[in-house]
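*Asks:* Residue numbers (our numbering): 2 to 475. Beta carbons: idealized from backbone N, C-alpha and C, even for Gly.
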């Protein structure tokens with residue numbers, strides 16, 4: 002009995018621990034939410050699988066440098082009306098080895114490798130799109146939750162004022178019309194609050210679907226209307242973008258690909274040299290008693306205007322016969338249109354280089370614009386906070402004026418709604434500032450929320466190395 006009790010207690014404790022672990026919700030910040038969205042995205046998984054297959058195919062293409070073996074089995078039957086019938090069986094081993102191809106194979110592998118790098122860039126861009134979608138939902142949920150809190154507080158205040166009006170109506174201090182106006186104001190506030198709750202619920206459902214969760218995770222980020230961001234100098238942002246911007250990196254990799262294709266096209270005229278060898282045994286009956294071998298070399302030249310092939314071989318049919326063979330061929334105008342491939346590759350390379358210069362110029366302008374937007378939106382946030390403080394003072398003044406009989410309670414309720422609008426404007430200004438920071442982070446390929454730490458670290462490093470770095474001041 003004692004043993005049974007111990008086993009039961011252990012089982013109950015383990016079950017409780019598993020239940021608590023199952024019911025425990027995860028907590029996500031901006032960066033973790035982005036990583037989770039990428040991890041559960043079916044499109045990203047498929048893209049990664051395709052890239053893995055391409056990488057495997059590229060690794061196996063090393064086979065092109067190795068000799069090619071083939072095994073041939075044949076059986077020839079000849080029925081003759083005059084001579085004796087013959088039944089010949091032959092087993093052959095063939096070997097081919099490219100001795101020189103003008104670097105075509107190596108260049109082709111380089112092109113494929115650059116294509117894999119470009120594929121990785123495309124994967125990174127798709128991951129970035131998924132991350133941005135998750136961050137957008139995250140910020141919208143933060144905003145809607147804050148607005149709900151603000152409107153709930155305002156609604157409590159309005160209901161309290163309505164309750165006081167009801168008491169004043171009983172005492173004959175106000176007319177019924179005032180109570181009707183107050184009731185309409187409260188009803189409108191309730192409708193706005195309910196609408197915002199529905200909107201927040203829909204945002205949370207979409208967010209959970211994006212993250213692949215069946216429950217709403219805890220959000221560790223919050224909106225601080227008094228937070229000022231680190232505002233770097235536009236020149237510092239431009240320097241970072243030159244080495245980190247994803248669009249610029251994609252153009253660089255595309256230029257590498259086009260340069261390799263130009264090199265490949267320019268080597269198309271170089272002849273190729275291939276060695277071949279064959280060993281065979283044959284006979285009419287087993288064991289096969291005739292052996293022979295052949296070795297040769299072939300020189301091929303292919304161009305858009307003509308192609309030629311020249312080859313020679315020598316062999317020995319054991320034990321007495323020896324063979325030799327020379328062969329040549331010439332084909333005029335095999336593919337004249339391919340003569341333009343080198344020019345086309347050169348034009349593609351020139352276009353990519355022009356795109357690169359355009360992106361460089363655009364980065365300089367974009368860096369200055371992003372820093373300017375960050376400064377402007379930070380200033381808007383400050384103005385919204387100052388306006389909120391003035392709104393709070395105005396509301397307190399309205400309470401004093403009500404106590405002195407200078408305004409009605411309906412006017413006090415209107416002042417409370419005006420203060421609610423200023424609270425929402427301050428929250429929205431802080432959210433816009435977060436979006437602006439994220440835009441600047443995307444420009445220099447930073448994870449969410451790393452803008453301040455990145456430039457603070459760079460500033461300290463440059464202070465140690467160069468005696469300081471300038472940062473824009475509001």
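Among 398, 121, 434, 432, which one has its Cα closest to the Cα of residue 417?
*Replies:* 398
*Asks:* Quick check on this structure: which residue in 89, 111, 30, 44 has the alpha carbon closest to the alpha carbon of residue 63?
*Replies:* 111
*Asks:* Between the Cα of residue 305 and those of 288, 364, 271, spot the shortest distance and give me the residue it belongs to.
*Replies:* 271
*Asks:* Please state the DSSP three-state secondary structure of residue 437.
*Replies:* Helix.
*Asks:* Looking at residue 425 and residue 149, is the spacing between their C-beta atoms short of 8 Å?
*Replies:* no
*Asks:* Across the region 225–245 and the region 33–41, are there enough close Cβ pairs to call them in contact, namely three or more that are closer than 8 Å?
*Replies:* They do not touch, by the three-pair rule.
*Asks:* State yes or no: is the C-beta of residue 281 within less than 8 Å of the C-beta of residue 89?
*Replies:* no
*Asks:* Would you call the region 355–366 and the region 236–255 in contact, with 3 or more CB pairs under 8 Å?
*Replies:* yes
*Asks:* Could you give the DSSP three-state label for residue 139: helix, strand or coil?
*Replies:* helix
*Asks:* Quick check on the burial criterion: 16 or more other C-beta atoms within 10 angstroms. Buried or exposed for residue 414?
*Replies:* buried
*Asks:* Which residues bound the alpha helix (DSSP H) around residue 26?
*Replies:* Taken as a continuous stretch (DSSP letters only), residue 26 belongs to no alpha helix (DSSP H), as it is neither H nor E.
*Asks:* Would you list the one or two residues that DSSP bridges to residue 409?
*Replies:* Beta-bridge pairing links residue 409 to no other residue.
*Asks:* Thinking just about the alpha-carbon of each residue, which of 65, 295, 113 is nearest to the one in residue 277?
*Replies:* 295
*Asks:* Taking 8 Å as the cut-off, does the region 185–193 touch the region 437–448 (at least 3 CB pairs, one atom from each stretch)?
*Replies:* no
*Asks:* State the beta-bridge partners of residue 317 as determined by DSSP.
*Replies:* 294, 323
*Asks:* Residues in its own chain within less than 8 Å of residue 215 by CB, not counting five upstream and five downstream?
*Replies:* Spatial neighbours of residue 215 in its own chain (CB-CB distance under 8 Å, excluding positions within 5 residues in sequence) are listed in chain order as 209.
*Asks:* Out of 263, 298, 247, 372, point me to the one whose CA is closest to residue 342's CA.
*Replies:* 263
*Asks:* Using 10 angstroms around the beta-carbon of residue 213, count the other beta-carbons present and answer buried if the total reaches 16, otherwise exposed.
*Replies:* exposed
*Asks:* Tell me which same chain residues have a C-beta within less than 7 Å of the C-beta of residue 165, skipping the five on either side of it?
*Replies:* 410
*Asks:* If you draw a straight line from the C-alpha of residue 245 to the C-alpha of residue 50, how long is it?
*Replies:* Rounded to the nearest whole angstrom, the CA to CA distance from residue 245 to residue 50 is 26 Å.
*Asks:* Residue 225 by DSSP, collapsed to three states: which one?
*Replies:* Looking at residue 225 - three-state DSSP - the assignment turns out to be coil, as it is neither helix nor strand.
*Asks:* Quick one: Cα of residue 309 to Cα of residue 236, how far?
*Replies:* 59 Å
*Asks:* Where do the N-terminal and C-terminal ends of the beta strand (DSSP E) with residue 284 fall, by residue?
*Replies:* Where residue 284 is concerned, the enclosing beta strand (DSSP E) stretches over 273–284.
*Asks:* Give the range of the alpha helix (DSSP H) segment to which residue 381 is assigned.
*Replies:* 342–404
*Asks:* Since residue 95 is in the beta strand (DSSP E), which residue starts that stretch and which ends it?
*Replies:* 87–101
*Asks:* Output the distance between the C-alpha atoms of residue 24 and residue 205, rounded to the nearest integer angstrom.
*Replies:* For residue 24, the pLDDT reaches just 49, beneath the cut-off of 50, and the residue's location in the model is therefore unreliable, leaving the point undetermined.
*Asks:* Closer than 6 Å by C-beta to residue 299: which residues in its own chain qualify, once you throw out the five before and the five after it? Chain order, please.
*Replies:* 275, 312
*Asks:* Taking only three categories from DSSP, how would you classify residue 333?
*Replies:* strand
*Asks:* Quick one: measure Cβ to Cβ for residue 211 and residue 134, integer angstroms, because I've assumed they're closer than 8 Å.
*Replies:* 6 Å
*Asks:* Relative to the alpha-carbon of residue 435, which residue among 402, 423, 374, 390 has its alpha-carbon at the smallest distance?
*Replies:* 374
*Asks:* Starting from residue 49, follow the alpha helix (DSSP H) in both directions and report where the run begins and ends.
*Replies:* The continuous alpha helix (DSSP H) containing residue 49 extends over residues 43–61.
*Asks:* Give me the Cβ distance between residue 233 and residue 372, rounded to the nearest whole Å; I'm assuming they're in contact under 8 Å.
*Replies:* 7 Å
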